[in-house]
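One structure is given here, and the rest of the page talks about it.
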Amino acid sequence: MANRITSERNGQVGFWVSKPGKNVLTAGPDDLLFDATSKMVQVVASGTLTNVSHDSPRTVTGPSLGYRPFVWAYSNHPTAFPRMEYLSNTQYRFRSASGFDSINIFYLVLNVPWQP
0 MANRITSERN
10 GQVGFWVSKP
20 GKNVLTAGPD
30 DLLFDATSKM
40 VQVVASGTLT
50 NVSHDSPRTV
60 TGPSLGYRPF
70 VWAYSNHPTA
80 FPRMEYLSNT
90 QYRFRSASGF
100 DSINIFYLVL
110 NVPWQP
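Under numbering that gives the first Met the number 0, think of the first position of the sequence shown as 0, with each following residue one higher.
So this is what it looks like as structure tokens:
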């Protein structure tokens, strides 16, 4: 049976948990369920776009992380969910839902890769 939980690994003190069947002391990053040395979810960019409509989208340039980050957006209107599309790993286009004009969109760019 493999060691799955440890509080010391490679000379570091912390907390690590490996996947079933993987030895926590020798497991690579993809075989760890929890890694005390990994980055936590962080907001790497955020902003507010005012008076956004469906017909007049706004484009935002975010930081270059080397991957397409997860972007979360919400609006000041309870039923006007913002629409967002990736133009690249660093550019995102926002618009309001069809039929809603002049909403404010608030967005967060996280250090988590977007998974379709």
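The beta-carbon is built from N, C-alpha and C at its ideal position, and this holds for glycine as well.
Residue 92 sits exposed, since fewer than 16 C-beta atoms from the chains shown fall within 10 Å of its C-beta. Residue state for residue 112 is assigned as strand, using DSSP reduced to three classes.
The beta carbon of residue 107 sits closer than 6 angstroms to those of 42, 45, 71, all from its chain and outside the five residues before and after it, given in chain order.
For residue 83, the uninterrupted beta strand (DSSP E) run begins and ends at 82-85, by DSSP. If you draw a 10 Å sphere on the C-beta of residue 97, you find fewer than 16 other C-beta atoms in it, and that means exposed. Excluding its 5 nearest sequence neighbours in each direction, residue 86 has C-beta neighbours in its own chain below 8 angstroms: 58, 92, listed in chain order. By the 16-neighbour rule on beta-carbons within 10 angstroms, residue 115 is exposed.
Selection 1, 19, 24 evaluated against residue 12 yields 24 as nearest (Cα-Cα).
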